[in-house]
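To start, the structure under review is shown below, and the notes come after it.
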């Protein structure tokens, strides 16, 4: 039930049910702990998350990498990135799942430099074989921090060093990185090159950048594409009007 509530975004109901479970002295499984920590992350309720962490330690589930990953995510989204790092440091069997959670945590908390430094250190020590999710995490960090050179390096390294084909999430990260930093032509060129049709997220990021940098032509194209995808959404019209102003 708790897992079902979380999957359907009823996080508050999941927390209430978990409290009832504790009142009846029922011991949660590791899967239940992951689910309830996910609920705490969604609601950004750090106090309740810490209480669950205490329970995790009490029943010895902190050794489970998925529980540890959920703890890192919970602390990161709650704004306590140092506590997230403590969870990582205290976990003995660290793997790609944990490292990725930590890198994404740094990215979400605006500490892109630490995310990049951690990623590079792990690659140098050969402690990490990054997968698609891990590359999305480090590209997100580059995006938030404005690290264009690093973003391009990691994007290219996916193919040349690890034989991974970038998916639309990685393309979206690099396109947004270009757009946020005013490289709108590079962003548009990459959209032409990628083997995917740009989605709403990509067109929205381009439209927002066009508003900032005053690119009327590309802004008009982005707005028209968004209107086709979401005809009932008035936001593209408003943003385009600001570009003309």
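Numbering (full-length UniProt numbering), first residue to last: 1 to 245.
Cβ coordinates follow ideal geometry from the N, Cα and C atoms, glycine included.
Leaving out five residues on either side along the sequence, give the residues of the same chain with a beta carbon under 8 Å from the beta carbon of residue i.
i           : result
residue 237 : 223 and 227
residue 6   : 14, 35, 36, 38, 39 and 42
residue 190 : 171, 174, 175 and 178
residue 159 : 165 and 166
residue 151 : 139, 142, 143, 173, 174 and 177
For residue i, tell me which candidate among the options has the shortest Cα-Cα distance.
i           : options               : result
residue 241 : 126, 230, 208 and 231 : 208
residue 182 : 95, 214 and 203       : 214
residue 167 : 184, 155 and 160      : 155
residue 163 : 19, 80, 20 and 131    : 131
residue 26  : 235, 55, 143 and 120  : 55
residue 187 : 148, 52 and 127       : 148
residue 89  : 79, 78 and 62         : 62
residue 46  : 151, 120, 152 and 84  : 84
residue 157 : 185, 120 and 184      : 120
residue 19  : 52, 194 and 30        : 52
residue 48  : 92, 28, 78 and 206    : 78
residue 105 : 91, 22 and 80         : 80
Between residue i and residue j, what straight-line distance do the alpha-carbon atoms span, to the nearest angstrom?
i           : j           : result
residue 12  : residue 71  : 18 Å
residue 4   : residue 17  : 11 Å
residue 192 : residue 112 : 28 Å
residue 125 : residue 118 : 11 Å
residue 24  : residue 140 : 42 Å
residue 97  : residue 217 : 42 Å
residue 109 : residue 123 : 22 Å
residue 145 : residue 2   : 36 Å
residue 115 : residue 235 : 33 Å
residue 103 : residue 82  : 13 Å
residue 195 : residue 28  : 44 Å
What is the DSSP secondary structure of residue i, reduced to helix, strand or coil?
i           : result
residue 195 : coil
residue 236 : helix
residue 1   : coil
residue 230 : coil
residue 158 : helix
residue 26  : coil
residue 164 : coil
residue 132 : helix
residue 32  : helix
residue 51  : helix
residue 140 : helix
residue 45  : coil
residue 66  : helix
residue 89  : helix
residue 80  : coil
Could you pull out every residue in the same chain whose Cβ sits closer than 7 Å to the Cβ of residue i, ignoring the five residues on either side in sequence?
i           : result
residue 87  : 68, 71, 72 and 75
residue 200 : 226, 229 and 230
residue 95  : 65
residue 211 : 219, 239, 242 and 243
residue 50  : none
residue 129 : 96
residue 246 : No statement about residue 246 is possible, as the shown extent of the chain runs from 1 to 245 and does not include it.
Which residues in the same chain have their Cβ closer than 6 Å to the Cβ of residue i, if we skip the five residues on either side of it in sequence?
i           : result
residue 100 : 133, 134 and 137
residue 220 : none
residue 32  : 2
residue 274 : Absent from the structure is residue 274, since the part of the chain shown begins at 1 and ends at 245.
residue 198 : 191
At which residue ranges does the UniProt repeat "PPR" (95 to 130) contain complete alpha helix (DSSP H) runs of 4 or more residues, listed in the order of the chain?
96 to 108 and 112 to 124
Restricting to runs no shorter than 4 residues, where is the alpha helix (DSSP H) found entirely within the stretch 166 to 227?
Segments of the alpha helix (DSSP H) lying fully in the stretch 166 to 227: 168 to 180, 184 to 193 and 200 to 213.
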